[in-house]
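S.K.:
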Amino acid sequence: MIRSGLMRAITYASTKHRNQVRKVDHTPFIAHPYRVCMLLKEHQVNEDIAVAALLHDVVEDTDATLEEIEQIFGDTVRYLVSEVTETDKEIAWVDRKKQSIKKVSHCDYAVKLLVAADKIDNLQSMIDAEMVHGPSMWESFVGSREEQVWYYQSMFESITHDLADDQWHPLFYLFQALLDKFTEGTYDFD
15 MIRSGLMRAI TYASTKHRNQ VRKVDHTPFI AHPYRVCMLL KEHQVNEDIA
65 VAALLHDVVE DTDATLEEIE QIFGDTVRYL VSEVTETDKE IAWVDRKKQS
115 IKKVSHCDYA VKLLVAADKI DNLQSMIDAE MVHGPSMWES FVGSREEQVW
165 YYQSMFESIT HDLADDQWHP LFYLFQALLD KFTEGTYDFD
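Right, dumping it as structure tokens:
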């Protein structure tokens, strides 16, 4: 059964992202937050993390505000969304990514799970697109393929650097496996 908080988040995120599409394949953007949420739900996260997964891009990519998120979904969801939101789109891509990497290194475990799920879905989407479209797909991105590899490797290290072996969540292993596949750039079609 879907809880009311999740239903509100599905409706809210769908409305906010309604006219947006993903780079390269032009699928409805909302599919990305749905996949991030489902990945986290498969790993039994609490409702606040699942709701934040649905909302993780609304402040960054729509007219939604953190204040609105807090009013509708509460302070925990607001906190989670704020921790994964890049707020200054005016600065260069590399500088924004450096800020995000630094911020995540000091975040709590719930934020690290949310970031890992987001990056897993992004990596899988880039791998899929590269398999279909080849190198031309990178024309749709601000950062080059090499910069994307740097960013995802750095983000992975930022998430996991201070974790003991027994703190590694299965999502971190999945992130690592996809990152290795993406970095290598040779995809098996079997």
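Just so you know, my numbering puts 153 at position 139 of the sequence shown, and the rest follows in order with no gaps. Ideal placement from N, C-alpha and C gives every residue a C-beta, glycine not left out.
Check whether the Cβ atoms of Ala64 and Leu54 lie closer than 8 Å to each other.
M.R.: Residue mapping note: residue 64 aligns to position 50 of the sequence shown, counting from 1. Residue mapping note: residue 54 aligns to position 40 of the sequence shown, counting from 1. Yes, the pair counts as a contact, with Cβ atoms nearer than the cut-off.
S.K.: Whole alpha helix (DSSP H) runs in the region 120-192 with 4 or more residues, listed along the chain?
M.R.: Complete alpha helix (DSSP H) runs here, min 4: 123-147, 159-174.
S.K.: For the ligand ZN, is there any heavy atom lying closer than 7 Å to the beta carbon of Lys116?
M.R.: Among the ligands in the structure shown, none appear at all, so the ligand ZN cannot be discussed.
S.K.: What span of residues does the alpha helix (DSSP H) with Phe87 cover, start to end?
M.R.: Locating residue 87 in the sequence shown gives position 73, where the first residue counts as 1. Start and end: 80-87.
S.K.: Note the first and the last residue of the continuous alpha helix (DSSP H) segment covering Glu61.
M.R.: Walking along the sequence shown from the start, residue 61 turns up at place 47. Unbroken alpha helix (DSSP H) run through Glu61: 61-69.
S.K.: Apart from the five residues just before and just after Thr197, which ones in its own chain have a Cβ nearer than 6 Å to its Cβ?
M.R.: Locating residue 197 in the sequence shown gives position 183, counting from the first residue. Correct list, in chain order: Val163.
S.K.: In its own chain, which residues sit with a C-beta less than 7 Å from the C-beta of Ala124, not counting the 5 before and 5 after it?
M.R.: Taking the first residue of the sequence shown as 1, we reach residue 124 at position 110. Excluding sequence neighbours, Ala124 sits near Ile63, Leu94.
S.K.: At a cut of 8 Å, does the region 15-31 reach the region 128-147 through at least three beta carbon pairs?
M.R.: Segments in contact, no.
S.K.: On the three-state DSSP scale, how would you describe Val35?
M.R.: Counted from its first residue, the sequence shown places residue 35 at position 21. Reduced to three states, the DSSP call for Val35 is strand.
S.K.: Report the residue from Val38, Ala23, Gln34 whose alpha carbon sits nearest the alpha carbon of Ser154.
M.R.: As a first step, residue 154 must be located in the sequence shown, where it is residue number 140. Nearest C-alpha to Ser154: Val38.
S.K.: Taking contact to mean 3 or more Cβ pairs, one atom from each stretch, closer than 8 Å, check whether the region 72-90 and the region 126-140 are in contact.
M.R.: No, the region 72-90 does not touch the region 126-140.
S.K.: Report the partner residues of Pro42 according to the DSSP bridge assignment.
M.R.: On the sequence shown, residue 42 is found 28 positions in, with the first residue counted as 1. For Pro42, which the question treats as bridged, DSSP gives the partners Val35.
S.K.: Taking the continuous alpha helix (DSSP H) assigned at Ala27, which residues delimit it?
M.R.: In the sequence shown, residue 27 corresponds to position 13, counting from 1. Its alpha helix (DSSP H) spans residues 18-30.
S.K.: For Leu193, which residues of its own chain have a beta-carbon under 6 Å away from its beta-carbon, when the five flanking residues on both sides are left out?
M.R.: Along the sequence shown, read from residue 1 onward, the residue named residue 193 stands at position 179. These residues qualify, in order along the chain: Tyr166, Phe170.
S.K.: If you run the structure through DSSP and keep just helix, strand and coil, what is Asp102?
M.R.: The sequence position of residue 102 within the sequence shown is 88, counting from 1. Three-state DSSP puts Asp102 in coil, outside helix and strand.
S.K.: Between Ile173 and Lys111, is the Cβ-Cβ spacing less than 8 Å?
M.R.: Here residue 173 is taken as the residue at index 159 of the sequence shown, counted from 1. Here residue 111 is taken as the residue at index 97 of the sequence shown, counted from 1. The answer is no: Cβ separation not under 8 Å.
S.K.: Cα-Cα, which of Glu104, Ser168, Leu69 is closest to Ser96?
M.R.: Residue 96 sits at position 82 when you count from the first residue of the sequence shown. Cα-wise, what sits closest to Ser96 is Leu69.
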